[in-house]
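Protein chains in written order, with our numbering: chain A, 295 to 424; chain B, 594 to 929.
Where is the CB? At the ideal position from N, CA and C, for every residue including glycine.
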């Protein structure tokens, strides 16, 4: 299998960015001053640091993604050879997908696919909300 | 003088790669002009009319030169190293997809036997670049944009992969060239029509999900200019910005070209008697048609909300594509 052209494409993309940046360095004016280099926040002085711990919803999505992406990984060799493997392979993969669908159904029922996770039925307001 | 055969093939590859780069640049310039004109006419405006004379055809060239001549600004608060690396990664991930696109039966960078798989793998490298750009900018808009785009791109990668499995099953191969060869002899042999209705469903799922993967409207939340001020590239200006822009437009072509390859018969003519027209014309016009559809959708549909976006992916596309995959594979097994 000839992977050399793939490397060439990466190299070409790298070279194009590099050459443009060098050209830009040669042609463009350079006059930085502190006000120009401030972070953009709609003209206001930036408040606080954006490097914070971020919304956990994105983390949950990433976890679910890992499970399904690994599943897709297993599906590819199966898909290529399906015609020769026949019915047996189809039943096996159907069972595999079914097992993972149970996982999806569980996540769905627990409300982890909602953007705002619903409160559990037995949820009681705690001290702080009083 | 005798030149060894491997040098010649390497030379051909280099020339081909350079040709593809030129094609991408020209395509992006053309697309940029076309998108402005289409958006203008859809909104009852004229769009650029001055530059170059005829309907402002030179506007994108003027813009490219302007971006090249602009001062390169890296915010003082930004993580300078990551900030500089990000455009490289985004553009490399986007251009590498072209390596396996079969423009014609012998016009292909390299016909990998894992072609479809390679494309899925390489296009998701872009996510890393976007996350880098968003995080290193040290800007709240950028962080929001990067997080949104990462969650959106990884979510939609699964429906995309599952939809691409349908033609892979039908062809019994992941090589782009082999998949196209299996669709010879008229449009009724194209995979989009072959195992009706499953392949049509797969095509629709692929197209919608790939819009989300390439951050195009109505899934352009990561760069929603009205709420996030361009998202992950808020802080990028000049030539660095140009590469995010370039990557987005070449992504549009890659996505459409993959759809044209695996579902719409690649370089094959829709009718056998039209096959005297070279394959590259058919391939590029099929891909260009899908690019036009993407532009049309962008200026027709409003943007979704983040929760609606996740809802569509996990609760509609994912179950549908699993059921679709099982049915189409059962069909193939039963037919023998």
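(message) Rounded to the nearest angstrom, what separates residue 830 (chain B) and residue 631 (chain B) at their Cα positions?
(response) 25 Å
(message) Does residue 810 (chain B) come out as helix, strand or coil in the three-state DSSP assignment?
(response) coil
(message) For a cutoff of 8 Å on Cβ pairs, would you count residue 296 (chain A) as touching chain B?
(response) yes
(message) Just verifying my parser: in three-state terms, what is the DSSP assignment at residue 894 (chain B)?
(response) coil
(message) Any beta carbon from chain E within less than 8 Å of residue 324 (chain A)'s own beta carbon?
(response) Chain labels in this structure do not include chain E; the protein chains are A and B.
(request) Check the Cβ of residue 644 (chain B) against every Cβ in chain A and list those closer than 7 Å, keeping chain order. (result) Under the 7 Å cutoff, chain A gives no residues; its nearest Cβ is about 20 Å from residue 644 (chain B).
(message) Measuring alpha carbon to alpha carbon, tell me which residue in B:609, B:763 and B:614 is nearest residue 842 (chain B).
(response) B:614
(request) Return the CA-CA distance between residue 310 (chain A) and residue 611 (chain B), expressed in angstroms with no decimal places. (result) 10 Å
(request) For residue 673 (chain B), count neighbouring Cβ atoms within 10 angstroms of its own Cβ and tell me buried if that reaches 16, exposed if not. (result) exposed
(message) Please state whether the Cβ-Cβ distance between residue 806 (chain B) and residue 746 (chain B) is less than 8 Å.
(response) yes
(message) Less than 8 Å between CB atoms is the rule here; does residue 315 (chain A) satisfy it with respect to chain B?
(response) yes
(request) Could you tell me which residues DSSP pairs with residue 700 (chain B) in its beta bridges? (result) B:697
(request) Within its chain, find whatever has a CB closer than 7 Å to the CB of residue 595 (chain B); leave out the 5 residues flanking it on each side and keep chain order. (result) none
(request) Specify the secondary structure class of residue 912 (chain B) as computed by DSSP and reduced to three states. (result) helix
(request) Mind listing the chain A neighbours of residue 738 (chain B)? Cutoff is C-beta to C-beta under 7 Å, in chain order. (result) Those within 7 Å of residue 738 (chain B) in chain A number zero; the least Cβ separation is about 11 Å.
(request) Taking residue 769 (chain B) as the query, report the chain A residues whose CB atoms sit under 9 Å from its CB, ordered along the chain. (result) Result: empty, since nearest Cβ-Cβ is about 13 Å, beyond 9 Å.
(request) Please name the residue in B:598, B:635, B:600 and B:606 whose C-alpha comes closest to that of residue 302 (chain A). (result) B:606
(message) Measuring alpha carbon to alpha carbon, tell me which residue in B:658, B:736 and B:877 is nearest residue 845 (chain B).
(response) B:877
(request) Kindly indicate if chain A contains any beta-carbon less than 8 Å away from that of residue 765 (chain B). (result) yes
(message) Does chain B have any CB closer than 8 Å to the CB of residue 357 (chain A)?
(response) no
(message) Can you give me the C-alpha to C-alpha distance between residue 769 (chain B) and residue 714 (chain B), rounded to a whole angstrom?
(response) 15 Å
(message) Against chain B, which members of the segment 357-378 of chain A pass a CB distance test of less than 7 Å?
(response) 359, 362, 363, 366, 369, 370, 373, 374, 376 and 377
(request) May I ask you to report which of helix, strand or coil DSSP gives residue 387 (chain A)? (result) helix
(request) Kindly say whether residue 702 (chain B), judged by its beta-carbon, lies nearer than 8 Å to any beta-carbon of chain A. (result) yes
(request) Would you identify the three-state DSSP class for residue 732 (chain B), choosing helix, strand or coil? (result) coil
(request) Put residue 630 (chain B) into one of helix, strand or coil per three-state DSSP. (result) helix
(message) Mapping the DSSP letters down to three states, classify residue 864 (chain B) as helix, strand or coil.
(response) coil
(message) Does the CB of residue 302 (chain A) have a neighbour CB from chain B at under 8 Å?
(response) yes
(message) Tell me the rounded alpha-carbon separation between residue 318 (chain A) and residue 666 (chain B).
(response) 11 Å
(message) Beta-carbon within less than 7 Å of residue 372 (chain A)'s beta-carbon, same chain only, minus the 5 sequence neighbours each way: which residues are those?
(response) 383 and 387
(message) Can you look up residue 787 (chain B) in the DSSP assignment and give me helix, strand or coil?
(response) helix
(message) By the DSSP assignment, the alpha helix (DSSP H) with residue 849 (chain B) in it spans what residues?
(response) 831-855
(request) Please say whether residue 687 (chain B) and residue 719 (chain B) have beta carbons closer to each other than 8 Å? (result) yes
(message) Measuring straight from C-alpha to C-alpha, what distance separates residue 379 (chain A) and residue 390 (chain A)?
(response) 16 Å
(message) Below 9 Å on C-beta distance, what does residue 610 (chain B) contact in chain A?
(response) 299, 302, 303, 305 and 306
(message) If contact is defined by three or more beta carbon pairs under 8 Å, each pair taking one atom from either stretch, is the segment 760-775 of chain B in contact with the segment 854-861 of chain B?
(response) yes
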